[in-house]
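What follows is a set of notes on a single structure, which appears directly below.
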Ligand SMILES: NC(=O)c1ccc[n+]([C@@H]2O[C@H](COP(=O)([O-])OP(=O)(O)OC[C@H]3O[C@@H](n4cnc5c(N)ncnc54)[C@H](O)[C@@H]3O)[C@@H](O)[C@H]2O)c1
Ligand SMILES: [Fe+2]
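Residue numbers (my numbering): 18 to 405.
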């Protein structure tokens with residue numbers, strides 16, 4: 018008997034559109050939350066958004082407990098502090114406001130409130146034993162798609178490892194996807210998170226785990242992102258571009274969460290862990306070279322993606338693949354993405370770390386879903402090529 022099943026996990030409620038975040042009070046009530054922990058970062062506390070959410074909750078008779086200490090690339094310590102706060106306050110749910118960092122930390126806190134040990138015990142695929150408390154995710158960057166993914170990334174600062182966990186128990190219960198929250202993103206952040214979501218769409222489409230549903234979602238995500246990223250970068254207040262980017266990022270999250278990411282993400286996490294490069298930037302640094310390395314293993318997939326998202330009109334696959342790589346290089350130039358060298362990483366430190374970074378990349382499992390699966394030596398060669 019042939020087994021060819023496609024599994025899709027998505028949050029049970031998605032509210033998408035301008036103003037969606039104002040539904041937080043009614044959504045919390047619908048989930049019967051009385052005292053959720055509101056997880057965010059210091060910037061979003063200062064901006065007043067966290068207070069607005071607390072007020073919207075209060076208007077529905079829900080008391081939110083604020084935890085605003087999440088740092089970019091959240092650490093084990095962030096998760097432990099959040100968990101202590103949740104237990105002290107007797108919270109019955111979690112609400113995340115922010116980029117991937119706040120949402121990932123909130124996912125870890127929600128899940129660890131119902132499991133023993135440390136979040137690090139559950140690194141890898143499908144290892145979380147018990148579901149966590151209900152979680153409402155409100156993204157403020159159009160990037161990671163974490164609001165719809167069954168993934169969390171937590172940094173073990175001591176071991177310098179970005180731990181990736183994938184499990185359906187990490188899915189938010191509800192996501193309120195409100196592009197108006199992204200209008201304040203500065204150009205640099207827009208570029209980094211935008212290339213992250215473009216990478217999600219492309220890697221999901223070429224992944225060995227892609228299925229017919231993730232294909233549809235990945236292609237539409239790629240079209241929206243490739244068609245609107247430059248406009249969002251150049252004009253932060255361009256509402257149609259922001260709206261398209263937000264929808265694209267969320268769709269790209271649905272695609273990669275169910276089809277996996279691949280070699281770019283596998284190689285990107287170690288750069289983040291060793292050199293503290295923001296996630297989207299480290300992806301962008303790698304995307305053109307890793308795509309050039311991979312295209313020959315699935316030329317028809319890369320070519321179809323290139324044509325669908327508007328990077329190429331060539332009928333011939335090899336030309337479309339070349340044009341895709343050229344467009345990714347041009348996009349990096351237009352978005353002023355630095356190479357690792359331009360970012361300020363010393364060559365000796367980068368060279369020294371490459372062998373271990375290649376091992377960490379392979380250990381994450383993501384490179385195994387790439388159309389061309391590299392050896393550790395090939396990964397080192399790619400790192401060297403990208404250094405700049
Ligand atoms: N769980 C997943 O599926 C998944 C997928 C990809 C990446 N990630 C992880 O997500 C993290 C990165 O998340 P991110 O790129 O969204 O950034 P982030 O959450 O780290 O935020 C970066 C900075 O932008 C600020 N910011 C957030 N929203 C803003 C807004 N609207 N206006 C102005 N500033 C704003 C934040 O305060 C912070 O200082 C990484 O740790 C990465 O590994 C997770
Ligand atoms: Fe990503």
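Just so it is clear, CB atoms sit at the ideal spot from N, CA and C, and this is done for glycine as well. Given the structure is predicted, the values throughout are model-derived calculations rather than measurements.
For residue 58, no beta strand (DSSP E) encloses it, and the DSSP letter there is neither H nor E. Distance from the CA of residue 69 to the CA of residue 59, rounded to the nearest whole angstrom, comes to 14 Å. In the displayed model, residue 115 falls within a strand according to three-state DSSP. Residue 102 and residue 84 have their alpha carbons spaced roughly 7 Å apart.
At a threshold of 6 Å, residue 213 counts as near ligand 2, since its beta carbon sits closer than that to one of the ligand's heavy atoms.
By the neighbour-count criterion, in which 16 or more other beta carbons inside 10 Å mark a residue as buried, residue 172 falls on the buried side. As computed with DSSP, residue 142 is found in a beta bridge with 183. DSSP, read as helix, strand or coil, puts residue 154 in strand. Around the beta carbon of residue 143, a 10 Å sphere encloses fewer than 16 other beta carbons of the protein chains shown; the residue is thus reported as exposed.
Between residue 189 and residue 233 a beta carbon distance of about 22 Å is seen, past the 8 Å cut, so the two are scored as non-contacting.
With the rule of 3 Cβ pairs closer than 8 Å, the segment 292-310 does not count as touching the segment 98-115. With respect to the 7 Å criterion, residue 128 and residue 149 are classified as neighbours on the basis of their beta carbons.
Setting aside the 5 residues that flank it on each side, residue 132 is surrounded in the same chain by 139, 145, 146, 147 and 149, each with a C-beta closer than 8 Å to its C-beta; the list follows chain order. In the assembly as shown, residue 365 is an exposed residue. Its beta-carbon has fewer than 16 other beta-carbons within 10 Å.
With respect to residue 170, residue 179 sits close: the two C-beta atoms are nearer than 7 Å. Beta-bridge annotation (DSSP): residue 367 is not paired with any residue. Counting only the Cα atoms, residue 273 lies some 13 Å from residue 280. Burial is judged here by how many other beta carbons sit within 10 angstroms of a residue's own beta carbon; residue 269 has at least 16 and is buried.
Cβ-Cβ separation between residue 111 and residue 81: approximately 10 Å, too far for a contact (criterion under 8 Å).
For the 7 Å CB-CB criterion, residue 202 and residue 381 do not form a contact.
Excluding the 5 residues flanking it on each side, residue 33 has same chain C-beta neighbours closer than 6 Å at 194, in chain order. Judged by their CB atoms, residue 285 and residue 386 are not nearer to each other than the 7 Å cut-off. Going by DSSP, residue 92 is part of no alpha helix (DSSP H) at all; its letter is neither H nor E. Counting only runs of 4+ residues, the alpha helix (DSSP H) found wholly inside the segment 335-361 occupies 357-360, in chain order.
Annotation: residue 228 to residue 267 spans about 18 Å, alpha carbon to alpha carbon.
Straight through space, the alpha carbons of residue 28 and residue 211 are spaced by roughly 22 Å. DSSP places residue 84 in the uninterrupted beta strand (DSSP E) bounded by 82-84.
In this structure, the CA atom of residue 356 is about 11 Å from the CA atom of residue 400.
Within the same chain, 195 and 197 come within 8 Å of residue 36 by CB-CB distance, once the 5 residues on both sides are set aside.
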